[in-house]
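Numbering (our numbering), first residue to last: 1 to 243.
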């Protein structure tokens, strides 16, 4: 019922960028397409992650506000790297792993990228609706070029290591698999923290730094998707390590 009382143009502006990127990643999965119901559930898991993240971010910001001046460097570093990035990427990762790690459909390395991006864009889609309804169409345009593809990039970095972790686990290399799972969480957290820290900097000089950071991040994510899609391989449970 909520959507009947809102501007459909704003809803479309908030949702279309995420759907466009979801379709592009789905089409990049050339070796074996994933079950639609699995992908839909991952989008829903991403939406659920936004609710969990909102709670932990509210608690974290309140505690940090007691200990630090909100305008201080310490507050901003802890807030964006330790609270926001850890909360958002952490819940994405936990729900991603819960839904897909032992799924029979997870039989190709690139599947890790697809799964992580679908969770991330489910998160971005729901978050975007809230921002656009609050701040209007101009926000929709800005976020369509920055925040939504930014979440997709975080998902690419998470999924690249997550897919490799599943491949190594299937080959019996549990130690290496655990390390890759750690990287699949830590790298998106670091990138997300950098993104938010630079984007919210009060200095005008950080504007160009943000543009450069986003451009490089988008380029790297694009290269990762193309190469992993092109060189994708099957990873059988209990089978040999295809290297």
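Ideal Cβ placement from N, Cα and C applies to all residues, glycine included.
Residue 23 and residue 234 have their C-alpha atoms spaced approximately 22 Å apart.
Under a 10 Å Cβ-count criterion, residue 231 is classified as exposed, with fewer than 16 other Cβ atoms of the shown protein chains found around its own Cβ. Separation of the CB atoms of residue 62 and residue 87 is rounded to 13 Å, and the pair is thereby denied contact status at 8 Å. Residue 81 has its alpha-carbon roughly 15 Å from the corresponding atom of residue 68. Just so you know, the alpha carbons of residue 47 and residue 107 end up roughly 25 Å apart. Here the alpha carbons of residue 112 and residue 21 stand approximately 16 Å from one another.
One alpha carbon belongs to residue 217, the other to residue 202, and they sit about 22 Å apart. Comparing alpha carbon positions, the residue from 134, 73, 60, 50 closest to residue 94 is 50. Between the segment 207-223 and the segment 120-127, the count of C-beta pairs closer than 8 Å stays below three; the two stretches do not touch.
Under DSSP, residue 234 forms a beta bridge with 108.
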